[in-house]
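Residue numbers (the numbering used here), protein chains in the order written: chain A, 1145 to 1397; chain B, 1145 to 1397; chain C, 1145 to 1397; chain D, 1145 to 1397; chain E, 1145 to 1397; chain F, 1145 to 1397; chain G, 1145 to 1397; chain H, 1145 to 1397.
Have a look at the structure below before the remarks.
Number of protein chains: 8
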Amino acid sequence: MNESELRQLLAAVGRGEIAPESAAVRVLDALRAAPFEDLGFARVDHHRAVRLGFPEVVFGQAKTPAQVAAIAARIAARGDSLLITRTTAEVHAAVASVVGEATWHETARIVSRPGATPPPPGHGVILVASAGTSDLPVAEEAAVTAEMMGNTVDRLYDVGVAGLHRLLGERARLAQARVLIVVAGMEGALPSVVGGLVGVPVVAVPSSVGYGANFHGLSALLGMLNTCAPGVAVVNIDNGFGAATMASRINHL
Amino acid sequence: MNESELRQLLAAVGRGEIAPESAAVRVLDALRAAPFEDLGFARVDHHRAVRLGFPEVVFGQAKTPAQVAAIAARIAARGDSLLITRTTAEVHAAVASVVGEATWHETARIVSRPGATPPPPGHGVILVASAGTSDLPVAEEAAVTAEMMGNTVDRLYDVGVAGLHRLLGERARLAQARVLIVVAGMEGALPSVVGGLVGVPVVAVPSSVGYGANFHGLSALLGMLNTCAPGVAVVNIDNGFGAATMASRINHL
Amino acid sequence: MNESELRQLLAAVGRGEIAPESAAVRVLDALRAAPFEDLGFARVDHHRAVRLGFPEVVFGQAKTPAQVAAIAARIAARGDSLLITRTTAEVHAAVASVVGEATWHETARIVSRPGATPPPPGHGVILVASAGTSDLPVAEEAAVTAEMMGNTVDRLYDVGVAGLHRLLGERARLAQARVLIVVAGMEGALPSVVGGLVGVPVVAVPSSVGYGANFHGLSALLGMLNTCAPGVAVVNIDNGFGAATMASRINHL
Amino acid sequence: MNESELRQLLAAVGRGEIAPESAAVRVLDALRAAPFEDLGFARVDHHRAVRLGFPEVVFGQAKTPAQVAAIAARIAARGDSLLITRTTAEVHAAVASVVGEATWHETARIVSRPGATPPPPGHGVILVASAGTSDLPVAEEAAVTAEMMGNTVDRLYDVGVAGLHRLLGERARLAQARVLIVVAGMEGALPSVVGGLVGVPVVAVPSSVGYGANFHGLSALLGMLNTCAPGVAVVNIDNGFGAATMASRINHL
Amino acid sequence: MNESELRQLLAAVGRGEIAPESAAVRVLDALRAAPFEDLGFARVDHHRAVRLGFPEVVFGQAKTPAQVAAIAARIAARGDSLLITRTTAEVHAAVASVVGEATWHETARIVSRPGATPPPPGHGVILVASAGTSDLPVAEEAAVTAEMMGNTVDRLYDVGVAGLHRLLGERARLAQARVLIVVAGMEGALPSVVGGLVGVPVVAVPSSVGYGANFHGLSALLGMLNTCAPGVAVVNIDNGFGAATMASRINHL
Amino acid sequence: MNESELRQLLAAVGRGEIAPESAAVRVLDALRAAPFEDLGFARVDHHRAVRLGFPEVVFGQAKTPAQVAAIAARIAARGDSLLITRTTAEVHAAVASVVGEATWHETARIVSRPGATPPPPGHGVILVASAGTSDLPVAEEAAVTAEMMGNTVDRLYDVGVAGLHRLLGERARLAQARVLIVVAGMEGALPSVVGGLVGVPVVAVPSSVGYGANFHGLSALLGMLNTCAPGVAVVNIDNGFGAATMASRINHL
Amino acid sequence: MNESELRQLLAAVGRGEIAPESAAVRVLDALRAAPFEDLGFARVDHHRAVRLGFPEVVFGQAKTPAQVAAIAARIAARGDSLLITRTTAEVHAAVASVVGEATWHETARIVSRPGATPPPPGHGVILVASAGTSDLPVAEEAAVTAEMMGNTVDRLYDVGVAGLHRLLGERARLAQARVLIVVAGMEGALPSVVGGLVGVPVVAVPSSVGYGANFHGLSALLGMLNTCAPGVAVVNIDNGFGAATMASRINHL
Amino acid sequence: MNESELRQLLAAVGRGEIAPESAAVRVLDALRAAPFEDLGFARVDHHRAVRLGFPEVVFGQAKTPAQVAAIAARIAARGDSLLITRTTAEVHAAVASVVGEATWHETARIVSRPGATPPPPGHGVILVASAGTSDLPVAEEAAVTAEMMGNTVDRLYDVGVAGLHRLLGERARLAQARVLIVVAGMEGALPSVVGGLVGVPVVAVPSSVGYGANFHGLSALLGMLNTCAPGVAVVNIDNGFGAATMASRINHL
């Protein structure tokens, strides 16, 4: 119930068309309205698309296939886009059995299914760059998520700083993107170099690729947070999904 | 031997009814009395119910099924409530084979068996809230433990701060609880928001749900320890059991 | 505007006693009502006493004396209790010059001033125990805060576990308290021992007393979080204030 | 030398108007051209405005006043905007003595001086929110930097999650911004709540406000990196400047 | 009251020489007897010499001069040895003014004063070795403490592993000691080398000498804990006092 | 070649009984003499028993069964005591097949085989205490190692501080030991309490028992390093072997 | 296109032998020339041998066998040396099936295949020392890599500091090497001792051998970074490959 | 006494020219010879120049001016080069007063004084590069140390990766160096880029320049240890001295 609806309701009460008690119930109902469905173990946030521009995405880790399938069924039932991250082929099967068709992105570890209406398209290209081949799962999680959210994605993989000419040779592609997602493990230096080459926003994703003093991605994370380049912000280690939501918000402005 | 028993004993000695040496032996015995049973590899603390209000609970992790079953047998033999945490279906089977019936709580990873007499009931409701569906094992460990200790438990799951209306819509249930247990992983922000909404004690439980810079629950733990909300105290990562013992002590005051 | 006020208002509209538009304005006003005062650099939360049982407390660290004094003036103007933590004698002077009298608790580093009406009294005694003399600033922050919130406080200082008889000799005082606040630095073992002796809630406060592998209180914090005793929850390092708010909430149930 | 200049040069060689050797020198010179000035201890990157949209900003920390003044003189001499961060009143004096007028932003710890031509204006409003009053130095560093870069800035301070109504009451201002910069210390929960309320990009800045297990901002940093809200990316602890460069790039798309 | 005293008391009750109630009071008194003095802010543990072989030592850090002087006065009044560690010349003055003479060990940062009777002598020599000259404050804290506890001390300083011949040349002195205290900062390798050369117990003390990835002594601490040499145990960073108490206990066996 | 042998050799050269060149060869040989056997991948240190009082012990972790068996064969061939730690039943089989009989200590994860001559006996009893049943593997590693080194061992298990009476009831056994090894996980408080009860050396062993903020034994390690009790030194997490070598060196003084 | 080629081209244009536009295309082509092959998921850096002295080495971890085989095929097709680190027998099979023969180094976890022309030989010997037998996988990774890069390698294993004579007896071999690679886990003290014995460069490799407070190699890493010996530099934990590239660069000067 | 001297001595004994006992004394003396001077608090290692190629360098931190001056006097008395690092102007004065002239390098925080004979010259140029102006103290410590050790040094400052053209424009100077020392703070990416451009050894020095998640240089340190570039090894944070000793050893091969 928005402001004008409230005004109309009260005018109707004033005109005697609606009983006061009945109006009170409607006002209270609106205040109490819960734009989510309670499954007991989960509360599916159906209001999210209105509020944030994209329906709730299911974080697959540490949920049972049955739990994910139940949530997916409710999202699909409303015709919303379905996106499940950090999941498995087993979950894909469980979901497909309840929602019909669904796509399994193996490298990205994502299950997806388009909604009834496509999301509004982004204004430009989101370029996803990775430092190495081992970063592909994270880069693909970002790329698939961004595509699901209505963005055009350009992939530029294996352009790490130890062979700088591979990156410098692609300056044109960098320049044509509206937002950059840059994935790197080990020392995580690629966003610093990229952030110094172009003037668009750079979303940096540390990957956990490495060993030893990498400490599961800590080295890349700290490197990116301490970048000397301007225009770089960072998401969690291996968080391709988070980078894509940030980039998509920027690309939809 | 308490103070009045000591007085009576000495009076009897004074009256010549009890020989001094025999009284000395009894005083010394009482001082040496070991209210525990020594199994060699374990000393079952049978005195704990008297001292702390609930019998010794068995920490299942890193004990063999045989060790747990032996301890459980001694507790059951005294008619005490049996509660085994962080355990497995295999241990459940081993325990059941020596104590007869016992319940296996799969999500909570708990084996329980009521004692001969029920614990004294708590005064109000303990509400267990969780930020997400993935936090359920920890939330259930807290809920089952609290129930075993004589408390009424209200469960409010998947009300994380990214969809605030799911929580705000349940303010009434929050307000009706006497103590809150709030479980959250990732950034662990839920107890801060809850602690600012109600005036009862909040026991915060960081869960290890997350990845990357979550560092196995460290992010949620630090977030909760640094809460800007008053009336919040924290237990170990994933420690649903510890939260329940704290909440139960509060609820029994 | 609560539910019955809303019902009465709408009935009056129904009776034609209040114009619909005027009622609309009142409903919207109530929804928009901001129970805080905006000072530009701060928003004083005057609603907090109603919501949480005690007015907003000022966290003195990293605020200028002028900022603290301005906030204090607004709180005092409403007749609310004034409590400023982690502050200095210099701030005390600045505050006193705008609110008239105010007390400077040197060891606790607190400035306080009672409100127009005293807070409701707690039901029992809060005992504040400390492991060593060096923990006094933290213990006193807890004790002074608890007293300001209407609690009776018993102080039991320097009863660390290396001389256990000092603690065991005071078991009676421990037993008489309704809540315990236990402050300890170094290895932070005192709450574990206390939590095994009594059955009431224990709020543990790690202090930063120590050096070397103490890492500014980390050793005590981890020790307390990993306590093997039931009924213990932990607040931030040196957070006497937070322990007192938790204990006071418990003591007011 | 761009592509068309190269084509014209070679055509002129083909027409015999320019000697081959002289053309070779010009091509080689262009390749070697260094768009920076070498002061020995510093290389001022005059090319940065062309490449990244804003001239080089001086990081004041750990540089002597004389070094900063020398660098500032070279930037001012070219009519570029001058921005010096993490600096002191002493440096301000040294800079002013060589470049004439310059503004000292005390809370933000910034020295600034407009360039000969104003930067291109951003498309919308950048809202800078802070959780507490103690976060002001970081929030102001972000706000002043964003203004210097041509953006309109809206300031919303002291809206931390422990008094949620202060934030919820300002949802309209949040909704009107094109980009949000959200500064918070302690548990750093504010960006999670904000990211769940609006659909625009959120740049989160952990501040070092806090103590104990805050570990100089680590708790807020980890909290923000692990946010469960979509559309949030993070910069270094206390890095108001970095947040502003990211937000400004977004706002200039 | 020991066992034979208890027996005699009860026999006297049996003989009617002592009234039962009066005996009860004496037994209860003995149980309650507090072998410490309560100064309010401190409980001086006068029983410690009997229990542990040396009176309570005062940890000077974070105590005010007045507090330390008050504690010192009570210890001196009983004729016990006085030892104050981690203290200052200012505290020395305050203590001297209440106990008369006291020695100030500048390098060791210790105030000491012999008790009425000397401690029992250790059986052999405690050798204190240090890797570098910068480790002297820690090494001297160990040496002075050990001497105060009745041990003969041999000092062997600046024998770090980068110049191995300096150590190998002193193998004879190493061989003559009954216990070794080995202090080293930086990589803390000295105890590993020493532990492989001799067969007596080695108490290793990491010092905080170093910088950078030394992390205030963490590198030396971890190095010593992970020693590949047998017969080495470790105390806290810079804890010369703790090393000396361990070594002295060994030397008095 | 010792000093007197050198003198005799040179005298023989002086007497012409031995040719100078032949004497030179013998001196050089002695200097080069390698009291170890080189297996290529390992250098078995046969000199260790002479130097340190016990033969080289084999650290089983990260060695292949074949490697361990080859080393064991060389040690057994000399009639030395064989002790292999952190090993498996599979390695036991491999070793037994080359050295004949060998004992497999399952809980302690040790393979042992007595040498031709027993080690010299220690002077007193080494008491091994553990806080919980889950600490048994570490406690048994210490106990078995100490026994192999000639010590009498007393085992006192499951006496953690949450049920203090279990420990206080055994004060007599504590008092009769010459050295204590105290194993504890979680908060690691047991050595602090024990160190305050008795005056003999306490070797503390943090175990990795726990979860969450235990960080694989870090909490217990830091707790023990920061103990407020005198006479305690610490070995690596789970290092029962190291504790036993320290205790045995003490017990053989 | 190098400088003289550019000069010749322009001269030809001047002489009318080459059309200006055609020359422009050739210059632009050369600038754009990408000395790598793009496989989509990987960009094989064929230019690396020219630039850095050795072809691109394949980091096997987190790549699928198919990915590694595809990259290997491209390298082998050019006749370059093939070196794949941190890989498995399964990958070896996949590679061998596409490139024909290839060697599987089991301990080193390396697949190698010589190039068409051998690399230039190093000037001296690279000695690889290890502290223990458990360090062999890392030491062998270093040794095999160094050999593939044209160096003569001397292996000196199991010379840890707890049995110093094993190292001192090999001083001659240390002295004959031109560069030393020193691998050690646990406390990582070996490079400190070695760096104090000889005057050539020491490349230190911390291994993850150990447990507990070893923290997966952190103790050895910090120990080596804090070495008190001159002439020591460090690579990542377990990074035998990195140590070999550093040593080989030194040995080829 | 080397091998040939021993042979001559024994031959002389054989010829009766030297008495056996007198020869024994000489052999034993040589074995016992202590090539250091014992000042009580320090053992000056005069043998180091012979063994390692450069005399002992004094680590100034945590030593008193008097201690440093005493050590300096002994080094100067032998005509050795004097080099004191991490020191102050006050120490310079104290040293100058005992050794006559000495140079104070303010930025490098070094006191130096040439020895009687210059060190042998290095074979090529050592280039010291820094990412920013704030890194100068560390870079200069490296440069001054390298010069004192006989090397020619080329300084290339402020060439961080955010303005890559500043570095790429100096590829020629990089190519002409025999060893590179690369200093960088913040994300520490410069050595990765440099290591991919040239084929000579790179000694990377993380500096503590930065703030927040820099954690006093940890981010740069981890970044460098995890470099994806070959031929890079790392020294401690801010350890310009250590980098210079490594580079000088390489440059003197």
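Virtual Cβ for every residue (Gly too), placed ideally from N, Cα, C.
If you run the structure through DSSP and keep just helix, strand and coil, what is residue i?
i          : result
Asp1182(D) : strand
Ile1325(E) : strand
Val1138(C) : No information on residue 1138(C) is available, as it lies outside the stretch 1145 to 1397 that chain C covers here.
Gly1373(D) : First, the amino acid is wrong: residue 1373(D) is Ala here, not Gly. Coil at Ala1373(D), not helix or strand.
Pro1264(C) : coil
Val1202(E) : strand
Report yes if the CB atom of residue i is closer than 8 Å to the CB atom of residue j, and no otherwise.
i          : j          : result
Ala1252(G) : Glu1291(G) : no
Gln1205(H) : Arg1230(H) : yes
Gly1367(B) : Gly1332(B) : yes
Glu1200(F) : Ile1228(F) : no
Leu1365(D) : Ala1357(H) : yes
Pro1374(G) : Thr1261(H) : no
With DSSP as the reference, please indicate the residues paired to residue i in a beta bridge.
i          : result
Asp1298(G) : Leu1271(G)
Ser1256(F) : Leu1227(F) and Thr1247(F)
Would you mind telling me which residues of chain B sit closer than 8 Å to residue i, beta carbon to beta carbon, in chain order?
i          : result
Gly1356(F) : Pro1350, Ser1352, His1360, Gly1361, Leu1365, Asn1380, Ile1381, Asp1382 and Asn1383
Along chain E, which residues have their Cβ under 9 Å away from the Cβ of residue i?
i          : result
Phe1198(H) : In chain order: nothing, as chain E lies at least about 12 Å away.
Check the Cβ of residue i against every Cβ in chain H and list those closer than 7 Å, keeping chain order.
i          : result
Thr1277(E) : Phe1185, Ala1186, Lys1207 and Gln1211
What does residue i reach in chain B if we use C-beta pairs closer than 9 Å?
i          : result
Met1390(D) : Correct list: empty, because the minimum Cβ distance to chain B is about 19 Å.
Leu1308(D) : Leu1308, Leu1312, Val1337, Gly1340 and Leu1341
Note down, in chain order, every chain D residue with its Cβ under 9 Å from the Cβ of residue i.
i          : result
Ala1333(B) : Val1305, Glu1331, Gly1332, Ala1333, Leu1334, Ser1336, Val1337, Gly1367, Thr1371 and Cys1372
Could you round the C-beta distance between residue i and residue j to whole angstroms and report it? I think they count as a contact, below 8 Å.
i          : j          : result
Leu1300(A) : Leu1280(A) : Not a contact, Cβ separation roughly 12 Å.
List, in chain order, every chain H residue whose beta-carbon is nearer than 9 Å to that of residue i.
i          : result
Leu1318(E) : The contacting residues do not exist; Leu1318(E) stays about 15 Å from chain H at best.
Residue i touches chain B at which residues, Cβ-Cβ below 7 Å?
i          : result
Asp1298(F) : Correct list: empty, because the minimum Cβ distance to chain B is about 13 Å.
Ala1377(C) : Val1347, Ala1377, Val1378, Val1379 and Met1390
Along chain G, which residues have their Cβ under 8 Å away from the Cβ of residue i?
i          : result
Asp1224(A) : What Asp1224(A) touches in chain G: nothing, since even the nearest Cβ is about 32 Å away.
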